[in-house]
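Take a look at the structure below.
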Amino acid sequence: MSFPLLTATAALPAIGAIATAAVPAARRTAAKWLALLFSLATLALAITVLVRFDPDGDRYQLTESHSWIADFGVRYELGVDGIAVALIALTALLIPFIVLAGWHDADPLETGSRRWRPTQGFFALILAVEAMVIISFEATDVFLFYIFFEAMLIPMYFLIGGFGDRAHEHGEEKAATQRSYAAVKFLLYNLAGGLIMLAAVIGLYVVAGNFSLTEIAQARANGELEMATSTERWLFLGFFFAFAVKAPLWPLHTWLPNAMQESTAPVAVLITAVVDKVGTFAMLRFCLQLFPEASTWATPVIMVLAVISIIYGALLAVGQRDIKRLIAYASISHFGFIVMGIFAMTSQGQSGATLYMVNHGISTAVLMLIAGFLISRRGSRLIADFGGVQKVAPVLAGTFLIGGLATLSLPGLAPFVSEFLVLVGTFTRYPVIGIIATFGIVLAALYTLVLYQRTMTGPVKPEVAAMPDLRMREIAVVAPLVVLLVFLGVYPKPVTDVVNPAVKQTLSDVQKKDPQPEVEAAK
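Those letters in the sequence shown? Residues 14 to 536, per the working numbering, in order.
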């Protein structure tokens, strides 16, 4: 029996969560180092998965299959394609930086405060989320996927509600109220989507007789499983609704700005760079593969929702006064690009969307973590409370600028390639949608450069005059991510080589081919 590598990759952070939570309360530093050690060990396993994966091999590799709930056809089935491998690598890469960035975020509050923060719990919850996200990327049994798709809401709820940002202009009591509101809103939105999906999961079982993604997809492809058109469309809508909430896609997005605003910067990165990717990934793996006809039927409406997300998110980002809310609305705009690329039903669009998931995770991590360092120094999230930071903290300002330029998809940085592919793939089928979406790029340049100008340039405000530059721990957090942004910006081939075969198979599931160019190239 071969070593269960996929199980080990998901189980290791889960074991780390239990071990970290069990550290005595007086040993906070030991808990931090233990969490970091487990996150690095998980990264090593994720790299092993990446190395052992053959892009030209079978669609699902490193598979594991065991009977679980036999009476209901539920199996413990895992397998990864190129898209899943890329996102597992992204998740495992970001968690150590999230742990390092949040090194002091769960330390006891100031003397005299009645609030106590369990440091061990903070890092244990981060590792628990990592375990659930990774197994969600690996699961090829629909019921198994659903369990962890929903279960990750529990640790995220406590991370948002229990470990919020200390920089709050309304005091501790008001801050606690707003954190609770953000956490409850996050939970209710995602639970609503999950309950609708549960009904669709049950419906799928009634129609197919099992929960195996590979068996159902194969039976559909061979004509052995027929679904009535109306049944397929209703099931598709049940799955898509849950994934659109998680993504988040307009108009189901309103939980994200509150959750990111009230979270610590590392938890905000965990939300938008890691957890939300499960929603867009699931659109590719489950919606398109299980319901190809319904996916094609719903595409025009979804493309409109995606382009609304792009423009709406960018417009609201322009008008934000709060740094974290600005980044949240920018992420809504970016997720619009990802969804647009998925449902453009072209190889360029879907390759770009998958690459965008990876690149957005890295660029958002850089921007949000630097924003967190900035906010913790000033004690405020308001843009108007900053000014002239580049004169007193040039390294901080420089890395913030790189994160901002990546967010607006500057050529030479990683998000540019993915955004370009998404737009090219969209133009070939939906030229009007593609043209409208390009305005999102213009707006991105506006909100990013205005943010940098108002916080980093101009006269030095007295409140930031003594602001320290990045410390060694903080440089260790952002420097590797900045290097990766540049590397993937000029050489994205390592990622595209992994994801492209999976994209071609996904297009084959929905029986789509790339449109032929109207004018043939000269020979």
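Glycine included, every Cβ here is placed at the ideal spot set by N, Cα and C.
**Report entry** Limits of the beta strand (DSSP E) - the one that Val379 falls within
**Finding:** Val379 -> not in any beta strand (DSSP E); alpha helix (DSSP H) instead, spanning Ser360 to Arg391.
Query raised in the report: Can you list, in chain order, the residues of its chain whose CB lies under 7 Å from that of Ala23, leaving out five sequence neighbours each side?
Result: Ala144, Ile147, Ile148 and Glu151
Requested in this report: Use the C-beta contact count for Lys259: other C-beta atoms within 10 angstroms, 16 or more gives buried, fewer gives exposed.
Outcome: buried
Requested in this report: Return yes when the Cβ of Pro109 is within less than 8 Å of the Cβ of Ser52, no when it is not.
Outcome: Yes, Cβ-Cβ distance for Ser52 and Pro109 is below 8 Å.
**Report entry** Runs of alpha helix (DSSP H) wholly within the region 251-330 (minimum 4 residues, chain order)
**Finding:** 268-275, 278-282 and 290-295
Query - Within 8 Å, strictly: CB atoms of Arg391 and Val477 - result: yes
Report task. Determine, using beta carbons only, whether Lys337 and Leu100 come nearer to each other than 8 Å. Result -> no
**Report entry** the region 430-443 touching the region 364-382, judged by at least three CB pairs closer than 8 Å
**Finding:** Flag = yes, the region 430-443 and the region 364-382 touch.
Query raised in the report: How is Leu138 classed by DSSP in three states: helix, strand or coil?
Result: helix
Report task. Whole angstroms is fine: what's the gap from Trp268's alpha carbon to Ser15's? Result -> 43 Å
Query raised in the report: Hey, how far is the Cα of Glu213 from the Cα of Phe158?
Result: Here the sequence assigns Ala to residue 213, which means Glu is not the residue at that position. C-alpha separation (whole angstroms): 13 Å.
Query raised in the report: When you compare only the Cα positions, how much space is there between Asp154 and Arg298?
Result: 11 Å
Query raised in the report: What's the C-alpha gap between Val496 and Ile415?
Result: 10 Å
Requested in this report: Going by CA-CA distance only, name the one from Gly134, Gly292, Pro279 and Gln274 that's closest to Met210.
Outcome: Gly292
Requested in this report: Quick one: using the 10 Å Cβ neighbour count with 16 as the cut-off for buried, is Gly332 buried or exposed?
Outcome: exposed
Query - Cβ-based neighbour list, Ser360, same chain, cut-off 8 Å, excluding 5 preceding and 5 following - result: Gly438, Asn513, Val516, Lys517, Leu520 and Asp527
Query - Under 8 Å between C-beta atoms of Ile173 and Phe135 - result: no
Requested in this report: Quick one: measure Cβ to Cβ for Arg2 and Trp310, integer angstroms, because I've assumed they're closer than 8 Å.
Outcome: With the chain covering 14 to 536 only, the question about residue 2 has no answer from this structure.
**Report entry** Rounded C-alpha distance that separates Pro17 from Ser78
**Finding:** 10 Å
Query raised in the report: With a Cβ-Cβ cutoff of 8 Å, do Ala295 and Ile284 count as a contact?
Result: no
Query raised in the report: Count the other CB atoms within 10 Å of the CB of Arg128; is the residue buried (16 or more) or exposed (fewer)?
Result: With a pLDDT of only 47 at Arg128, under 50, the local geometry of the prediction cannot be trusted, and no value is derived from it.
Query raised in the report: Are the region 88-105 and the region 34-43 in contact at 8 Å, needing three or more beta carbon pairs?
Result: no
Report task. State the CB to CB distance for the pair Leu501 and Ala419, rounded to an integer number of angstroms; the pair is presumed to be in contact (CB under 8 Å). Result -> Going by Cβ atoms, the distance from Leu501 to Ala419 rounds to 10 Å, so no, they are not a contact pair.
Query - For Val112 and Ser308, the rounded distance between their alpha carbons - result: 38 Å
Query - Identified DSSP bridge partners for Leu395 - result: Asp335
Query raised in the report: For the alpha helix (DSSP H) that Ala464 lies in, which residues bound it at each end?
Result: The identity of residue 464 in the sequence shown is Leu, whereas the question assumes Ala. Unbroken alpha helix (DSSP H) run through Leu464: Pro444 to Met469.
Report task. Assign Gln231 to one of two classes, buried (16 or more other C-beta atoms within 10 Å of its C-beta) or exposed (fewer than that). Result -> exposed
Report task. Rank Phe254, Leu248, Ala327 and Val490 by C-alpha distance to the C-alpha of Pro270 and give the top, closest one. Result -> Ala327
Report task. Tell me whether Leu265 is buried or exposed, calling it buried when 16 or more other Cβ atoms sit within 10 Å of its Cβ. Result -> buried
Query raised in the report: Under a Cβ-count criterion, where at least 16 other Cβ atoms within 10 Å of its own Cβ denotes burial, should Thr124 be classed as buried or exposed?
Result: With a pLDDT of 44 at Thr124, under the threshold of 50, the modelled position of that residue is not reliable, and the figure given next carries that caveat. With fewer than 16 Cβ atoms within 10 Å of its Cβ, Thr124 is classed as exposed.
Query - For Ala489 and Ser126, the rounded distance between their alpha carbons - result: Low confidence applies to Ser126: its pLDDT is 45, below 50, so where it sits in the model is not reliable, and the reading given next is rough at best. The C-alpha of Ser126 lies about 31 Å from the C-alpha of Ala489.
Query raised in the report: In whole angstroms, what is the alpha-carbon distance linking Ala39 and Gln133?
Result: 10 Å
Query raised in the report: So who's on the other strand from His79, going by DSSP bridges?
Result: Tyr89
Query raised in the report: Would you say the region 378-391 touches the region 435-450, given that touching needs at least three Cβ pairs under 8 Å?
Result: By the criterion of at least three beta-carbon pairs nearer than 8 Å, the region 378-391 is not in contact with the region 435-450.
Report task. Give every residue of the same chain whose Cβ lies closer than 8 Å to the Cβ of Asp510, excluding the five residues on either side of it in the sequence, and list them in chain order. Result -> So the qualifying residues of the chain are Pro68.
**Report entry** Simplified DSSP assignment, three categories, for Ser7
**Finding:** Outside the modelled stretch of the chain, which goes from 14 to 536, sits residue 7, for which no answer is possible.
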